[in-house]
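**Q**
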Amino acid sequence: MAGHRRGTLSEWQNGRLREWVRVASLPSRDSSWCKGGLADWVQLKTRGEAGEEHCSVAESPSGLGLGWHWGRHAVTASSAPVQQLVSNGKTFFRVEEALSWHEALQHCRQQHADLADLQSMNSLQSIARLYSLTSGTGAWIGLFFDVHTSALRWSSGSAFTDPVWTTLPSFRDGLCATLYSVFLAPALGAASCTDRKPFICYNVQQLVSNGKTFFRVEEALSWHEALQHCRQQHADLADLQSMNSLQSIARLYSLTSGTGAWIGLFFDVHTSALRWSSGSAFTDPVWTTLPSFRDGLCATLYSVFLAPALGAASCTDRKPFICYNDPDASHRITTEPSLDLTTIPKLAAVQIGRQIFTRFNQVKTWTSALLYCRSRHTDLADLQTVADEAGKEALRTITDETEAWIGLYFNAVSKSLSWSSTLGASIPTWLQVPKFGTGLCGGLRTYVRFSPRVYSVNCSSLQPFICFYGA
Numbered sequence: 001m002a003g004h005r006r007g008t009l010s011e012w013q014n015g016r017l018r019e020w021v022r023v024a025s026l027p028s029r030d031s032s033w034c035k036g037g038l039a040d041w042v043q044l045k046t047r048g049e050a051g052e053e054h055c056s057v058a059e060s061p062s063g064l065g066l067g068w069h070w071g072r073h074a075v076t077a078s079s080a081p082v083q084q085l086v087s088n089g090k091t092f093f094r095v096e097e098a099l100s101w102h103e104a105l106q107h108c109r110q111q112h113a114d115l116a117d118l119q120s121m122n123s124l125q126s127i128a129r130l131y132s133l134t135s136g137t138g139a140w141i142g143l144f145f146d147v148h149t150s151a152l153r154w155s156s157g158s159a160f161t162d163p164v165w166t167t168l169p170s171f172r173d174g175l176c177a178t179l180y181s182v183f184l185a186p187a188l189g190a191a192s193c194t195d196r197k198p199f200i201c202y203n204v205q206q207l208v209s210n211g212k213t214f215f216r217v218e219e220a221l222s223w224h225e226a227l228q229h230c231r232q233q234h235a236d237l238a239d240l241q242s243m244n245s246l247q248s249i250a251r252l253y254s255l256t257s258g259t260g261a262w263i264g265l266f267f268d269v270h271t272s273a274l275r276w277s278s279g280s281a282f283t284d285p286v287w288t289t290l291p292s293f294r295d296g297l298c299a300t301l302y303s304v305f306l307a308p309a310l311g312a313a314s315c316t317d318r319k320p321f322i323c324y325n326d327p328d329a330s331h332r333i334t335t336e337p338s339l340d341l342t343t344i345p346k347l348a349a350v351q352i353g354r355q356i357f358t359r360f361n362q363v364k365t366w367t368s369a370l371l372y373c374r375s376r377h378t379d380l381a382d383l384q385t386v387a388d389e390a391g392k393e394a395l396r397t398i399t400d401e402t403e404a405w406i407g408l409y410f411n412a413v414s415k416s417l418s419w420s421s422t423l424g425a426s427i428p429t430w431l432q433v434p435k436f437g438t439g440l441c442g443g444l445r446t447y448v449r450f451s452p453r454v455y456s457v458n459c460s461s462l463q464p465f466i467c468f469y470g471a
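Numbering (full-length UniProt numbering), first residue to last: 1 to 471.
Take a look at the structure:
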């Protein structure tokens with residue numbers, strides 16, 4: 001058996017899992033056992049030695065502590081799941097209510113951001129922190145088999161790549177992913193999306209500083225697409241001008257990583273100078289050295305040697321980005337045409353009154369869909385004029401059980417629902433609009449022969465969409 005030493009924390013060393021466990025006396029029937037997962041160990045006192053904690057680290061060739069006998073003592077470990085965990089810039093919540101995958105998705109999007117997206121935790125070290133949220137019973141996460149692409153997809157919109165920390169089970173249409181624990185380690189499972197299970201939600205990390213709230217968004221977009229997203233859902237891409245000191249900028253470290261994230265700084269070819277997209281005047285920062293900028297380059301924020309730094313990259317590169325909200329900022333919607341000229345096959349089109357509604361099956365984020373519709377039609381679907389049964393029936397023919405983007409979104413500044421077309425503010429009661437919050441946009445969906453209704457969906461999710469043409 002491996003040697004033992006005292007300690008109170010779990011640790012990783014030399015690529016092996018070293019797991020802190022409790023040494024408990026065997027003879028007594030009520031001897032206590034060490035409780036705790038890989039991320040959170042609860043320390044118990046050994047009977048007869050009050051005030052002293054006895055835990056051992058046991059190492060097996062497989063890296064998993066499965067329990068050993070040692071003289072009068074036994075070494076063992078059992079999970080003690082917690083209900084909330086902060087990791088990789090996200091806060092994860094385990095909800096014990098048993099729901100189907102789609103019901104769990106709706107719950108997470110209403111109460112948090114989405115079902116758990118583990119893409120940024122693609123290492124054994126980082127995923128081990130989620131052990132405290134797992135059990136032998138699988139819990140839904142945001143991974144599912146997309147029948148339209150015949151591939152796995154995250155409900156949050158993140159691009160999926162095969163994990164390095166587990167083997168993928170077989171997936172097919174109708175199967176969604178679960179996270180569970182086996183041999184004291186997290187693993188992925190596949191189950192029918194209609195099964196009822198607990199689930200894990202997450203919230204994206206946000207930071208309040210200098211009167212502004214900053215949000216990091218992991219979806220990889222070009223700088224212009226990120227700008228459009230931030231202006232639709234928040235105020236703008238991050239403006240760091242008021243944080244022009246090392247002390248204040250250090251607070252943003254929690255939103256950074258080695259991968260640069262877009263902020264609102266860019267090279268303005270008209271003035272041959274740097275400018276903030278928010279309109280703030282730019283002055284050289286005192287907390288970092290500026291990289292070289294030229295036409296076509298935009299700024300990124302990343303971390304190096306445990307400190308934030310500025311980078312420069314082609315504005316067409318696709319990167320995560322940081323938005324901000326400012327109570328004093330006015331909400332803006334730009335009408336810049338999309339640079340994406342890819343032809344998208346149409347699914348169906350119907351005319352209702354003087355407007356033509358066309359559904360497209362290629363999936364996009366809400367912002368990307370908006371740009372596409374504005375460049376080729378009038379806007380994302382505005383349903384204010386759809387009032388009678390004939391109109392609702394016509395609309396039903398181009399909807400199905402997958403939410404399709406329409407032009408309804410939550411305006412973070414006015415804290416109310418708005419139509420992207422700006423043609424009015426009325427919302428037909430037949431849409432049965434649920435509660436919305438920051439970062440949520442409207443998706444139109446129907447079941448069987450029921451009338452379509454609106455659901456709130458994370459704006460960064462990849463969904464089909466409906467454009468309209470006409471006044």
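We treat Cβ as the ideally placed atom computed from N, Cα and C, and that holds for glycine.
Considering Cα atoms alone, identify which of Thr149, Lys90, Val95 is closest to Ser254.
**A** The residue you call residue 254 lines up with position 254 of the sequence shown. When each option's Cα is compared against that of Ser254, the closest is Lys90.
**Q** What ranges does the alpha helix (DSSP H) occupy inside the region 233-304, keeping only unbroken runs of at least 4 residues that lie completely in it?
**A** Counting only runs of 4 or more, we get 246-249.
**Q** Under the rule that 16 or more other beta-carbon atoms within 10 Å means buried, what is Arg231, buried or exposed?
**A** For the purposes of this step, residue 231 is taken as the residue at position 231 of the sequence shown. That one is buried.
**Q** How big is the Cα-Cα spacing for Ser314 and Leu371?
**A** The residue labelled residue 314 in the question sits at position 314 within the sequence shown. The residue labelled residue 371 in the question sits at position 371 within the sequence shown. Rounded to whole angstroms, Ser314 to Leu371 spans 20 angstroms at the Cα level.
**Q** Following the continuous beta strand (DSSP E) through Cys467, name the residue where it begins and the one where it ends.
**A** As a working mapping, residue 467 is identified with position 467 in the sequence shown. It spans 463-469 - the beta strand (DSSP E) in which Cys467 sits, taken as one unbroken run.
**Q** Would you say the region 184-202 touches the region 94-102, given that touching needs at least three Cβ pairs under 8 angstroms?
**A** Short answer: they touch.
**Q** So, helix, strand or coil for Ser416, using DSSP?
**A** What you label residue 416 is simply residue 416 of the sequence shown in a count that begins at 1. In this structure, Ser416 counts as strand in the three-state DSSP scheme.
**Q** Counting Cβ pairs closer than 8 angstroms, one from the region 436-447 and one from the region 393-411, do we hit at least three?
**A** Output reads yes: the region 393-411 touches the region 436-447.
**Q** Quick check: the Cα distance between Leu105 and Arg318, rounded to an integer number of angstroms?
**A** On the sequence shown, position 105 is the one that residue 105 refers to. On the sequence shown, position 318 is the one that residue 318 refers to. Near 26 angstroms, if we compare the C-alpha coordinates of Arg318 and Leu105.
**Q** Label Ala348 either buried or exposed according to how many other C-beta atoms from any shown protein chain fall within 10 Å of its C-beta, with 16 as the threshold for buried.
**A** The residue given as residue 348 occupies position 348 in the sequence shown. Ala348 comes out exposed.
**Q** Kindly indicate which residue of His377, Phe93, Phe266, Ala309 has the alpha-carbon position closest to the one of Trp287.
**A** Mapped onto the sequence shown, residue 287 falls at position 287. Checking every option, the nearest Cα to that of Trp287 belongs to Ala309.
**Q** State the Cα-Cα distance for the pair Cys108 and Asp114, rounded to the nearest angstrom.
**A** Position 108 of the sequence shown, counted from the first residue, corresponds to residue 108. Position 114 of the sequence shown, counted from the first residue, corresponds to residue 114. Their backbone Cα atoms lie some 5 angstroms apart in a straight line.
**Q** Considering only residues of the UniProt domain "C-type lectin" (352-468), which uninterrupted alpha helix (DSSP H) runs meet the minimum length of 4 residues and lie entirely inside it, listed in chain order?
**A** Fully enclosed alpha helix (DSSP H) runs of 4 or longer: 366-376, 389-396.
**Q** In whole angstroms, what separates the C-alpha of Gln110 from that of Leu179?
**A** On the sequence shown, residue 110 is found 110 positions in, with the first residue counted as 1. On the sequence shown, residue 179 is found 179 positions in, with the first residue counted as 1. Going from the Cα of Gln110 to the Cα of Leu179 covers about 21 angstroms.
**Q** Looking at the structure shown, is Leu168 part of a helix, part of a strand, or coil, going by DSSP?
**A** Within the sequence shown, numbered from 1, the residue matching residue 168 stands at position 168. It is coil, neither helix nor strand.
**Q** Please classify Ser150: is it buried, with 16 or more other beta-carbons within 10 angstroms of its beta-carbon, or exposed?
**A** What you label residue 150 is simply residue 150 of the sequence shown in a count that begins at 1. Exposed is the call here.
**Q** May I ask you to report which of helix, strand or coil DSSP gives Leu207?
**A** Here residue 207 corresponds to residue number 207 of the sequence shown, with the count starting at 1. In the structure shown, Leu207 sits in a strand (DSSP, three-state: E or B).
**Q** Rounded to the nearest angstrom, what separates Asp382 and Gly211 at their Cα positions?
**A** Counting from 1 along the sequence shown, the entry for residue 382 is found at position 382. Counting from 1 along the sequence shown, the entry for residue 211 is found at position 211. Going from the Cα of Asp382 to the Cα of Gly211 covers about 34 angstroms.
**Q** Can you grab the Cα-Cα spacing for the pair Gly142 / Arg196, in whole Å?
**A** Against the sequence shown, residue 142 aligns to sequence position 142. Against the sequence shown, residue 196 aligns to sequence position 196. Their Cα atoms are separated by approximately 15 angstroms.
**Q** Report back the beta-carbon spacing between Pro464 and Phe360 to the nearest angstrom; my notes put them in contact at under 8 angstroms.
**A** Position 464 of the sequence shown, counted from the first residue, corresponds to residue 464. Position 360 of the sequence shown, counted from the first residue, corresponds to residue 360. Right, the Cβ-Cβ distance comes to about 6 angstroms (below 8 angstroms), so this counts as a contact.
**Q** Assuming the contact rule is C-beta atoms closer than 8 angstroms, Trp276 and Ala226 should be a hit. Round their C-beta distance to whole Å, please.
**A** The count along the sequence shown starts at 1 and reaches residue 276 at position 276. The count along the sequence shown starts at 1 and reaches residue 226 at position 226. The pair is not a contact, with the Cβ atoms about 14 angstroms apart (cut-off 8 angstroms).
**Q** Once the 5 residues before and after Thr385 are set aside, which same chain residues still bring their CB inside 6 angstroms of it?
**A** Reading the sequence shown from its first residue, position 385 is the one you call residue 385. Correct list, in chain order: Gly353.
**Q** In three-state terms, what does DSSP make of Ala159?
**A** Position 159 of the sequence shown, counting from 1, holds the residue named residue 159. Residue state, collapsed to three classes: coil.
**Q** Taking just the CA atoms, how far does Ser170 sit from Asp162?
**A** Here residue 162 refers to the residue found at position 162 when the sequence shown is read from its first residue. Here residue 170 refers to the residue found at position 170 when the sequence shown is read from its first residue. Whole-angstrom Cα-Cα distance: 12 angstroms.
**Q** DSSP on Ala187, reduced to helix/strand/coil?
**A** Your numbering for residue 187 matches position 187 in the sequence shown. If DSSP states are grouped into helix, strand and coil, Ala187 belongs with the strands.
**Q** Between which residues of its own chain and Arg294 is the CB-CB distance below 8 angstroms, once the five residues before and five after are set aside?
**A** The residue labelled residue 294 in the question sits at position 294 within the sequence shown. Result list for Arg294: Phe267, in chain order.
**Q** Which term fits Val269, buried or exposed, when burial requires 16 or more other beta carbons within 10 angstroms of its beta carbon?
**A** Here residue 269 refers to the residue found at position 269 when the sequence shown is read from its first residue. So Val269 counts as exposed.
**Q** Go ahead and label Pro291 buried or exposed: buried means 16 or more other beta carbons lie within 10 angstroms of its beta carbon, across all protein chains shown.
**A** As a first step, residue 291 must be located in the sequence shown, where it is residue number 291. The residue is exposed, with fewer than 16 neighbouring Cβ atoms inside 10 Å.
**Q** Starting from the Cα of Lys364, find the closest Cα among Phe92, Ala159, Phe93 and give me that residue.
**A** The sequence position of residue 364 within the sequence shown is 364, counting from 1. Nearest C-alpha to Lys364: Ala159.
**Q** Once you ignore the five residues that flank Asp400 on each side, which residues in its own chain have a CB closer than 8 angstroms to its CB?
**A** Position 400 of the sequence shown, counting from 1, holds the residue named residue 400. Once the five neighbours on either side are set aside, the close Cβ partners of Asp400 are Arg445, Thr446.
**Q** When burial is assigned at 16 or more other CB atoms within 10 Å of the CB, is Phe468 buried or exposed?
**A** Locating residue 468 in the sequence shown gives position 468, counting from the first residue. Under this definition Phe468 is a buried residue.
**Q** On the criterion of 16 or more Cβ atoms from any shown chain inside 10 Å, does Phe215 qualify as buried, or is it exposed?
**A** Mapped onto the sequence shown, residue 215 falls at position 215. Under this definition Phe215 is a buried residue.
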